[in-house]
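Note that the sequence shown covers residues -36 to -1, 1 to 332 in mature numbering (1 follows the signal peptide of the UniProt record, and there is no 0).
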Amino acid sequence: MKATSASDRNPMTIRTRLACGIAMALGTLTCGLAQAFTTADADTIFEAHTKAFYRVENGKGWHLKTTEGGRKADFWMQAEMLEMVLDVHVRTKSKKQLEMFDELFHGFIAQHGRTWEKNDFNDDIMWMVIACARAHLATGNEEYLAVAKENFDLCYARAISKDLGGGLWWKTDNKSKNACVNGPGAIAAFLLGLATKDTSYTTKARELFLWERETLFDKRTGRIFDSIEKNGKVHNFALTYNQGTFVGAANLLGYNDEARLAAKFTMEKLCRDGYLPASGENGDGGGFNGIGVRWIARFMKDQREQATFEPWLQKNAEAAWQARRTEDNLSWCAWPKPTPPGPRHAWGCSNAVVIMQTVHPPEPEKKQ
């Protein structure tokens, strides 16, 4: 899951350099590195995603799975694209995104019901709990909070156990405990604690985080192991979204050393030439990088770690912008490779939107 890319020192291809040389000789172009992305570009990338994938009818919204229309995006992908809309609101402070979230929320409820016990994947539920809790904290809407609380409570009750020292089961078959549910579970519980002032949620958040730190965190490197089976077998491969939610939970709960180490592992070990790893647009991995970036960027801002992480994040945001295709401004999840023609997936295209909302553009250089 690693993207191939050009060298940091020389990001233009030979063909591009030749074209630039010809243009400069003709006096029509001044060549160099691409202009840094701007907040206007962040608006554009979101508007492009909305135009391609967002639909609303009778106050109920949804994201299409692909540019070809038809099927709606899957449960957890839809939940994470609700978070994407909130990311835009955090940057712009515009009520338009809150209205869009409300449409998506009611569309989600219309499709999946008010409670989601029929979904066997506990992580799916936690992703949507996070979206609803974030929306409540942004708006004060009590319906969002009620849905978040009800679904967290039912999910936690069925997923928590003392097996393997604690933590949440990934699915209702109780075969493994995974980072992809325990990191989000800790974040969801923390946000509910903020929203309800009920300290039992904060306690649950800390217990889930500490279990993940003890069981799925390499204290030497910052790697987050994917999962542990019921028999104790650990699957130690690392994925950007698991790194991100661990960073997010650690940051919220005040474990800054652990957050920093996990963020550095993502930057230094999961990237090639500084670029986040590519993945297929359609599968679960298509949106992993957006989740990872969301929480690493928040940690960076909260703890003023810009000197360490911002150049890397800006490099990826710029690559996402430059990889877009000009006819519709959609950018896939395999930057810095250009987005190819043909059908695109809402999930895969969400990463570029998220990173351009959560990462500040570089400051323009001041003229001497």
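Idealized CB from N, CA, C, for every residue including glycine.
Give the DSSP bridge partners of residue i, in chain order.
i: Lys135; result: Phe85
i: Phe181; result: Ile188
i: Trp26; result: Arg19
i: His13; result: In DSSP, His13 forms no bridge with anything.
i: Val198; result: Ile192
i: Tyr239; result: Arg236
i: Lys36; result: Leu28
What are the start and end residues of the alpha helix (DSSP H) that includes residue i?
i: Val318; result: Ala310 to Thr322
i: Thr230; result: Asn220 to Lys233
i: Asp51; result: Phe39 to Thr56
i: Asp117; result: Glu106 to Ala123
i: Gly212; result: Thr204 to Leu217
i: Thr272; result: Gln270 to Gln286
i: Gln267; result: First-last for Gln267: undefined, no H or E at that position.
i: Gln61; result: Lys59 to His76
Since residue i and residue j are thought to touch, with beta carbons under 8 Å apart, how far apart are those beta carbons, to the nearest angstrom?
i: Trp296; j: Glu245; result: 6 Å
i: Leu46; j: Glu81; result: Not quite, the Cβ-Cβ distance comes to about 20 Å (not below 8 Å), so this is no contact.
i: Phe116; j: Ala152; result: 6 Å
i: Asp190; j: Asn253; result: Not quite, the Cβ-Cβ distance comes to about 16 Å (not below 8 Å), so this is no contact.
i: Pro53; j: Gln42; result: The sequence shown places His at residue 53, rather than the Pro named in the question. So it is not a contact: roughly 17 Å between Cβ atoms.
i: Ile188; j: Ala169; result: That pair is no contact at about 17 Å.
i: Ile124; j: Val317; result: Between Val317 and Ile124 the Cβ distance is about 33 Å, and since that is not below 8 Å, they are no contact.
Using CA coordinates, which residue listed in the options is at the minimum distance from residue i?
i: Asn138; options: Leu156, Asp84 and Pro300; result: Asp84
i: Trp26; options: Phe72, Cys144, His76 and Glu106; result: Phe72
i: Asn200; options: Phe210, Lys194, Phe181 and Val211; result: Phe181
i: Asp87; options: Glu44, Glu106 and Asp51; result: Glu44
i: Val111; options: Phe69, Lys141 and Arg308; result: Phe69
i: Val93; options: Ala202, Val145 and Ala74; result: Val145
i: Met320; options: Leu277, Glu291, Cys235 and Pro304; result: Leu277
i: Arg184; options: Asp221, Gln42, Ser140 and Leu158; result: Asp221
i: Cys313; options: Ile188, His13 and Leu50; result: His13
i: Trp134; options: Glu327, Tyr205, Ile89 and Ala271; result: Ile89
i: Ala4; options: Lys126, Thr272, Thr56 and Lys15; result: Thr56
i: Lys301; options: Val318, Arg177 and Arg236; result: Arg236
i: Ala271; options: Thr160, Gly33 and Pro326; result: Pro326
i: Ala242; options: Gln207, Asn315 and Arg268; result: Asn315
i: Asp51; options: Trp259, Phe273, Pro328 and Ala287; result: Trp259
i: Ala298; options: Met64, Phe39, Glu114 and Gly238; result: Gly238
i: Thr30; options: Val318, Arg224 and His309; result: His309
i: Gly129; options: Glu107, Arg177 and Thr160; result: Arg177
i: Asn22; options: Leu109, Ala74 and Leu155; result: Ala74
i: Asp7; options: Tyr219, Gly34 and Met48; result: Met48
i: Gly218; options: Phe173, Ile255 and Glu11; result: Phe173
i: Thr179; options: Gly157, Leu155 and Phe210; result: Phe210
i: Gly256; options: Gln267, Leu240 and Arg19; result: Leu240
i: Phe154; options: Lys113, Ser140 and Asp127; result: Lys113
i: Leu132; options: Ala159, Tyr108 and Glu171; result: Glu171
On the criterion of 16 or more Cβ atoms from any shown chain inside 10 Å, does residue i qualify as buried, or is it exposed?
i: Gly306; result: exposed
i: Thr230; result: buried
i: Phe263; result: buried
i: Gly251; result: buried
i: Ser164; result: exposed
i: Ala97; result: buried
i: Val198; result: exposed
i: Thr204; result: buried
i: Leu(-8); result: Because Leu(-8) carries a pLDDT of 28, less than 50, the predicted location of this residue cannot be relied on, and the following value inherits that uncertainty. Under this definition Leu(-8) is an exposed residue.
i: Ser58; result: exposed
i: Lys233; result: exposed
i: Lys331; result: Any reading at Lys331 must be qualified, since the residue scores a pLDDT of 38, below 50, and its modelled position is unreliable; no value is offered.
i: Pro328; result: exposed
i: Asn195; result: exposed
i: Glu32; result: exposed
i: Gln207; result: buried
i: Asp162; result: exposed
i: Asn215; result: buried
i: Thr167; result: exposed
i: Ala261; result: buried
i: Ala121; result: exposed
i: Arg224; result: buried
i: Asp66; result: buried
i: Pro148; result: buried
i: Arg288; result: buried
i: Glu193; result: exposed
i: Val323; result: buried
i: Gly157; result: buried
What is the residue span of the beta strand (DSSP E) that residue i lies within?
i: Asn142; result: Ser140 to Asn142
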